[in-house]
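Structure, as C-alpha cells:
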Amino acid sequence: LIGERGREVREFIEESLGEAGLARSVVIAATSDEPAMMRREAAYLAMTVAEHFRDEGAHVLCLMDSLTRVAAAQREIGLAAGEPPTAKGYTPSVFSLLPKLLERAGSGLAGAGAVTGVFTVLVEGDDHDEPIADAARAILDGHVVLDRRIAERGRFPAIDILRSVSRTTLGVPETGLVETVRRARALAAVYEDMREMIRIGAYKRGASPEVERAIEFHAALESFLAQARDECASAAEAEETLERLTASHYGSEAA
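Counting in this note's numbering, the sequence shown runs from 4 upward without gaps.
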C-alpha cells in the first residue's frame with residue numbers, strides 16, 4: 004500500500020484481509036505522510052519479498068496500490084535532484100523506474116514459482132492516455148479499466164469490459180469460452196455504439212435484430228458483472244453463467 008491514508012491501511016488489514024488472510028500475507032505500507040524515498044523503497048521491498056517466496060517455489064500474488072503514487076514519489080525525488088520535468092511534470096527517472104519495478108513480476112527460474120502482479124493506476128481526469136497509465140500499459144500483460152460512470156450507476160466492480168484487454172488471451176487454446184467471450188463483447192459493443200440513440204429515443208424498436216439482441220443482452224450482462232464484496236463464484240460457475248446468457252441472446256446462431 005503506497006501513498007494511502009493510514010486509516011485505509013488499517014481497514015484493509017482488519018476488514019479485507021482478516022486473520023485468515025493475514026496469516027498468508029505480507030503487508031508493506033508507506034502512507035501518504037511518509038517521505039518520498041520511503042514510499043519508493045516500499046515498492047521495491049514489496050517486489051523483493053514477492054521474489055523471495057517465488058524462488059522458494061511459491062506462486063505469489065503481489066498487489067500494489069498504487070503505481071501512480073510510486074511514480075509521484077520518484078517525481079519528487081527527481082525534481083529535488085534537479086531533473087527536468089517532462090510529460091505532466093514527471094521526470095525521466097520515473098519512466099526508467101517503471102520497467103525496473105514491473106519486470107520483476109513473472110516466472111522465476113526452472114523449478115521456481117511465479118509472481119502475478121496486479122498494479123493499480125490512478126488516472127487524472129479520467130484520461131486513460133496519461134503518462135503513467137500509458138507506460139504501464141506498454142509493460143504489463145493486460146489492463147482492467149474501472150469507469151467512473153459505471154460506478155455512478157451503482158454497478159460494482161465498475162469494470163468497463165470493452166476497454167479492458169488481456170494480451171495473454173492470444174495464448175489461450177480455442178475453446179467454447181473464447182467464443183462466448185467474443186460474442187458477449189460483440190453484443191456489448193453494439194449496445195455501446197447505440198447507447199446515446201437509445202437514450203434519446205432516436206432508435207426505433209425492431210429496426211435491427213442485432214441491436215435488439217444487444218438491448219436485451221445489456222441488462223443480463225450488467226446483472227452478471229455486478230458482484231457484492233461478500234459474493235463468491237468459481238471460475239467454472241462464471242463461465243457457465245456467461246455461456247448460458249450469451250447463447251440465449253444469440254439464439255440459433257450460438258449453435
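Glycine included, C-beta positions come from ideal geometry on N, C-alpha and C.
If you're wondering where the values come from, they're calculated on a predicted model, not measured in any experiment.
Euclidean distance between Cα positions of residue i and residue j
{"i": "methionine 67", "j": "arginine 10", "result": "17 Å"}
{"i": "arginine 43", "j": "glycine 204", "result": "51 Å"}
{"i": "alanine 229", "j": "glutamate 59", "result": "37 Å"}
{"i": "threonine 183", "j": "histidine 146", "result": "20 Å"}
{"i": "alanine 23", "j": "alanine 83", "result": "42 Å"}
{"i": "arginine 198", "j": "glutamate 215", "result": "12 Å"}
{"i": "glutamate 62", "j": "serine 28", "result": "Residue 62 is actually histidine in this sequence, not glutamate. One C-alpha to the other measures close to 12 Å."}
{"i": "arginine 13", "j": "valine 30", "result": "11 Å"}
{"i": "leucine 125", "j": "alanine 223", "result": "29 Å"}
{"i": "alanine 180", "j": "arginine 202", "result": "Reading the sequence as shown, one finds leucine at residue 180 and not alanine. So the two alpha carbons sit approximately 31 Å from each other."}
{"i": "glutamate 225", "j": "leucine 248", "result": "11 Å"}
{"i": "serine 69", "j": "alanine 46", "result": "9 Å"}
{"i": "proline 95", "j": "isoleucine 135", "result": "12 Å"}
{"i": "threonine 265", "j": "arginine 156", "result": "Residue numbering for the chain in the displayed model covers 4 to 258; residue 265 lies beyond these limits and cannot be assessed."}
{"i": "arginine 152", "j": "arginine 232", "result": "20 Å"}
{"i": "proline 38", "j": "leucine 48", "result": "15 Å"}
{"i": "cysteine 65", "j": "methionine 50", "result": "8 Å"}
{"i": "glutamate 243", "j": "alanine 236", "result": "11 Å"}
{"i": "glycine 174", "j": "alanine 32", "result": "35 Å"}
{"i": "alanine 139", "j": "lysine 207", "result": "42 Å"}
{"i": "alanine 75", "j": "alanine 217", "result": "42 Å"}
{"i": "histidine 55", "j": "alanine 113", "result": "15 Å"}
{"i": "leucine 143", "j": "glycine 209", "result": "42 Å"}
{"i": "proline 88", "j": "alanine 239", "result": "48 Å"}
{"i": "glycine 92", "j": "arginine 78", "result": "8 Å"}
{"i": "threonine 71", "j": "glycine 85", "result": "21 Å"}
{"i": "glutamate 17", "j": "histidine 252", "result": "43 Å"}
Nearest to residue i (by Cα), restricted to the options the options
{"i": "alanine 117", "options": "Val124, Leu125, Ala108 and Thr123", "result": "Ala108"}
{"i": "arginine 57", "options": "Phe98, Glu86 and Gly120", "result": "Gly120"}
{"i": "isoleucine 164", "options": "Gly174, Ala138 and Val193", "result": "Val193"}
{"i": "proline 212", "options": "Asp144, Leu190 and Val52", "result": "Leu190"}
{"i": "leucine 101", "options": "Ala141, Ala115, Ala90 and Ala113", "result": "Ala141"}
{"i": "glutamate 106", "options": "Gln77, Ala53 and Gly128", "result": "Ala53"}
{"i": "isoleucine 5", "options": "Met41, Lys91, Glu86 and Tyr206", "result": "Met41"}
{"i": "isoleucine 80", "options": "Leu64, Phe227, Lys91 and Val97", "result": "Val97"}
{"i": "leucine 245", "options": "Glu86, Arg188, Cys235 and Ser35", "result": "Arg188"}
{"i": "valine 148", "options": "Ala139, Arg185 and Ile162", "result": "Ile162"}
{"i": "glycine 34", "options": "Glu17, Gln77 and Glu7", "result": "A small fix is needed here, since residue 34 is threonine in this sequence, not glycine. When only C-alpha atoms are compared, the closest one is Glu7."}
{"i": "alanine 250", "options": "Arg185, Glu18, Glu17 and Asp144", "result": "Arg185"}
{"i": "leucine 104", "options": "Val73, His131 and Glu127", "result": "Val73"}
Limits of the unbroken alpha helix (DSSP H) element including residue i
{"i": "valine 12", "result": "9-14"}
{"i": "glycine 157", "result": "No alpha helix (DSSP H) holds glycine 157; DSSP gives it neither H nor E."}
{"i": "glutamate 240", "result": "238-253"}
{"i": "alanine 23", "result": "21-25"}
DSSP state of residue i mapped onto helix, strand, coil
{"i": "alanine 75", "result": "helix"}
{"i": "serine 169", "result": "strand"}
{"i": "leucine 4", "result": "coil"}
{"i": "alanine 33", "result": "strand"}
{"i": "isoleucine 162", "result": "strand"}
{"i": "glycine 174", "result": "helix"}
heavy atom of the ligand NAP below 6 Å from residue i C-beta
{"i": "threonine 71", "result": "Absence of the ligand NAP from the depicted structure is noted, as is the absence of any ligand whatsoever, leaving it without description."}
Within the region 39-64, note down every full alpha helix (DSSP H) run reaching 4 residues or more, in order along the chain.
Counting only unbroken stretches of 4 or more residues, the alpha helix (DSSP H) elements lying wholly within the region 39-64 are 39-58, in sequence order.
Hey, which unbroken runs of the alpha helix (DSSP H) at 4 residues or more fall wholly within the region 196-228?
Counting only runs of 4 or more, we get 212-228.
Every unbroken beta strand (DSSP E) within the region 89-150, with a cutoff of 3 residues, ordered by chain:
For the region 89-150, the full-length beta strand (DSSP E) segments reaching 3 residues or more read 117-122 along the chain.
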